[in-house]
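Numbering (this note's numbering), first residue to last: 1 to 255.
For each residue, glycine too, the CB sits at the ideal point set by N, CA and C.
Reading through the structure tokens given below for one structure.
Below you can see the structure in the form of structure tokens.
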């Protein structure tokens with residue numbers, strides 16, 4: 001997903017008079033300045049992600065990428081990574097953070113709906129009993145156990161015969177017997193729950209709560225950030241690269 005194109009501002013940087021030697025080196029200076037500016041914007045995004053998001057993954061921190069300017073293409077492009085070797089690409093899961101609005105459904109949410117466990121149009125947010133990893137996401141192992149156990153089960157009163165009472169009691173003691181509540185029942189909101197055994201008897205804790213609203217407010221304004229960095233850095237890098245090119249030309253005997 002291409003987001004920002006870093007090109008030269010003809011009304012600003014190139015609005016002044018240039019000598020013949022400067023004109024001969026303009027293309028190279030513009031190319032180098034675009035690439036240096038794009039690199040710095042990418043680094044700024046990485047630093048900003050650590051402040052904006054709670055425990056961002058390495059993939060999120062490195063989400064901003066850029067395509068370099070070339071002699072034939074005097075602009076650099078900044079974009080969010082649109083592929084991932086394992087999992088969802090940042091361009092997809094960060095879109096709601098950039099623009100605001102309803103987030104995309106996660107893979108396990110789609111599976112919950114396919115299994116008939118979660119009603120259509122709902123999202124699953126972590127409950128108090130969820131096992132979170134260091135990034136604040138529900139651990140993949142717990143999600144896998146939930147999906148494996150639930151099958152097409154809709155709530156705790158259905159399909160009770162698929163596991164013996166003895167095995168179910170053993171599972172409760174070590175934790176990890178999951179069931180779904182699709183409609184509010186007493187104090188239990190719709191969601192996925194874990195039944196456990198305590199010293200005082202059986203208890204339940206929420207792992208996921210179902211909600212119809214999973215909206216994000218825009219909080220990662222990468223467009224404004226890129227514009228600020230452009231305004232701050234591009235003139236500096238352009239002048240620096242032009243001067244370096246002029247010095248190189250003079251060294252080679254050009255005038």
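Helix, strand or coil: which one does DSSP assign to residue i?
{"i": "residue 102", "result": "strand"}
{"i": "residue 37", "result": "helix"}
{"i": "residue 144", "result": "helix"}
{"i": "residue 65", "result": "strand"}
{"i": "residue 162", "result": "Because residue 162 sits at a pLDDT of 49, beneath the cut-off of 50, its placement in the model cannot be relied upon, and the following sentence gives the value as read from the coordinates. DSSP places residue 162 in helix when its eight states are reduced to three."}
{"i": "residue 224", "result": "helix"}
{"i": "residue 248", "result": "helix"}
{"i": "residue 27", "result": "helix"}
{"i": "residue 263", "result": "Nothing can be reported for residue 263: it is not among the residues displayed for the chain, which extend from 1 to 255."}
{"i": "residue 191", "result": "strand"}
{"i": "residue 243", "result": "helix"}
{"i": "residue 185", "result": "strand"}
{"i": "residue 14", "result": "coil"}
{"i": "residue 341", "result": "Residue 341 lies beyond the range of the chain shown here (1 to 255); nothing can be said about it."}
{"i": "residue 60", "result": "helix"}
Quick one, which of the options has its alpha-carbon nearest residue i's?
{"i": "residue 96", "options": "108, 229, 221, 116", "result": "221"}
{"i": "residue 53", "options": "202, 98, 121", "result": "98"}
{"i": "residue 25", "options": "71, 87, 226, 211", "result": "71"}
{"i": "residue 207", "options": "239, 243, 142, 197", "result": "142"}
{"i": "residue 245", "options": "188, 28, 20", "result": "28"}
{"i": "residue 133", "options": "46, 223, 55", "result": "55"}
{"i": "residue 44", "options": "243, 250, 187, 225", "result": "225"}
{"i": "residue 151", "options": "131, 130, 93, 178", "result": "178"}
{"i": "residue 120", "options": "90, 182, 64", "result": "182"}
{"i": "residue 205", "options": "227, 104, 180", "result": "180"}
{"i": "residue 31", "options": "189, 186, 233, 68", "result": "68"}
{"i": "residue 230", "options": "22, 19, 42", "result": "42"}
{"i": "residue 107", "options": "80, 144, 81", "result": "144"}
{"i": "residue 214", "options": "48, 228, 125", "result": "125"}
{"i": "residue 191", "options": "48, 130, 49", "result": "130"}
Answer with buried or exposed for residue i, where buried requires no fewer than 16 other C-beta atoms within 10 angstroms of its C-beta.
{"i": "residue 17", "result": "exposed"}
{"i": "residue 60", "result": "buried"}
{"i": "residue 241", "result": "buried"}
{"i": "residue 87", "result": "exposed"}
{"i": "residue 135", "result": "exposed"}
{"i": "residue 14", "result": "exposed"}
Who does residue i pair with in a DSSP beta bridge?
{"i": "residue 201", "result": "198"}
{"i": "residue 211", "result": "123"}
{"i": "residue 48", "result": "Looking at the DSSP assignment, residue 48 forms no beta bridge with any residue, so it has no partner."}
{"i": "residue 179", "result": "193"}
{"i": "residue 206", "result": "193"}
{"i": "residue 94", "result": "Paired residues: none, contrary to the question."}
{"i": "residue 110", "result": "None, per the DSSP bridge assignment."}
{"i": "residue 88", "result": "None; residue 88 has no bridge partner."}
{"i": "residue 73", "result": "70"}
Taking contact to mean at least 3 C-beta pairs separated by less than 8 angstroms, is the region 225-238 in contact with the region 29-36?
yes
Looking at C-beta atoms only, is the number of pairs between the region 75-84 and the region 104-115 that lie closer than 8 angstroms three or more?
no
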